[in-house]
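**Q**
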Amino acid sequence: MAKVSPLMIAPPVIFMLLAGVFFVGMQRENPNELPSAFEGREAPVVALEQLAQKPLFEDATLREDGVKLVNFWASWCAPCRVEHPHLTALAEEGITIYGVNYKDNPGNAIGFLEELGDPYAGIGADTTGRMGLDWGLYGVPETYVINGQGEIVLRFAGPITERVMDSEIRPAIERAKN
1 MAKVSPLMIA PPVIFMLLAG VFFVGMQREN PNELPSAFEG REAPVVALEQ
51 LAQKPLFEDA TLREDGVKLV NFWASWCAPC RVEHPHLTAL AEEGITIYGV
101 NYKDNPGNAI GFLEELGDPY AGIGADTTGR MGLDWGLYGV PETYVINGQG
151 EIVLRFAGPI TERVMDSEIR PAIERAKN
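With full-length UniProt numbering applied, the sequence shown corresponds to residues 1 to 178, in that order.
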């Protein structure tokens, strides 16, 4: 009888394990949705640096009454440009939006806002990415809907489009009001 090397068995076993993990992941209700451990919980701590002369928002700001959004963005992020008009529209409707400029050059960030407009009631820079890690950030853009108790109602990863506004963001804003 020929002896079988463990190195010959390892690749098919690893493949089967990975296939099982992928299969389980695809069985979720919406396989494209990224789960968030923070939904329904208090928003993590805000720890930001000043961005130019822009008004800074702080941790206590998220605990104040009213619905608010926290939007992670960067000037180097092409999808952030796509979503920016939708954020501006929300701000014009009276929705308070706080911006977190993520791992960006301050001059480029200010140039981005000067070019496209500034929808943010308060803004700060997360130059090291520490706040992004604390918030479970996958990448930019990413937006959180926060209720009047400082709890996360929705975490949306990706650019906000018209479809996302209607199917995700506006319903979450309504839930946050209650």
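Even glycine gets a Cβ: it sits at the ideal position worked out from N, Cα and C.
These figures come from a predicted structure and were not determined experimentally.
Tell me the residue span of the alpha helix (DSSP H) that contains isoleucine 110.
**A** 106-116
**Q** Check whether the Cβ atoms of alanine 176 and valine 145 sit closer than 8 Å, and answer yes or no.
**A** With contacts defined as CB atoms closer than 8 Å, alanine 176 and valine 145 qualify as a contacting pair.
**Q** Excluding sequence positions up to five away, which residues of its chain have a Cβ less than 6 Å from the Cβ of arginine 63?
**A** Around arginine 63: Gly150.
**Q** Buried or exposed for glycine 124, please, with buried defined as at least 16 other CB atoms from any protein chain shown within 10 angstroms of its CB.
**A** The residue is buried, with at least 16 neighbouring Cβ atoms inside 10 Å.
**Q** Can you list the beta strand (DSSP E) stretches of 3 or more residues lying completely in the UniProt domain "Thioredoxin" (37-178), in chain order?
**A** 68-73, 96-102, 122-126, 142-146, 152-157
**Q** Within a Cβ cutoff of 6 Å, which residues of the same chain sit near tryptophan 135, ignoring the five residues on either side of it in sequence?
**A** For tryptophan 135, where only same-chain residues beyond five positions count, the Cβ hits under 6 Å are Pro44.
**Q** What does the Cβ neighbour count give for methionine 8, buried or exposed, with the cut at 16 atoms within 10 Å?
**A** exposed
**Q** Here's a check: name, in chain order, each residue in its chain whose Cβ is nearer than 6 Å to the Cβ of glutamate 42, leaving out the five neighbours to either side.
**A** Gly150, Glu151
**Q** Can you tell me the Cα-Cα spacing of methionine 165 and glycine 94, whole angstroms?
**A** 15 Å
**Q** Looking at C-alpha atoms only, which residue of Ile173, Val100, Gly158 is the closest neighbour of valine 82?
**A** Gly158
**Q** Compare the beta carbon distance of tryptophan 73 and tyrosine 98 with 8 Å and say whether it is the shorter of the two.
**A** no
**Q** Would DSSP call valine 13 helix, strand or coil?
**A** helix
**Q** Based on Cα-Cα distance, which residue from Ile14, Val4, Ala52 lies nearest to proline 106?
**A** Among Ile14, Val4, Ala52, the Cα nearest to that of proline 106 belongs to Ala52.
**Q** By how many angstroms is the C-alpha of histidine 86 removed from the C-alpha of phenylalanine 15?
**A** 43 Å
**Q** Assuming lysine 68 and threonine 96 are in contact, meaning their beta carbons sit under 8 Å apart, how far apart are those beta carbons, in whole angstroms?
**A** Rounded to whole angstroms, the Cβ separation of lysine 68 and threonine 96 is 4 Å, and the two are in contact under 8 Å.
**Q** Could you check the C-alpha separation between asparagine 147 and isoleucine 173 for me, to the nearest Å?
**A** 8 Å
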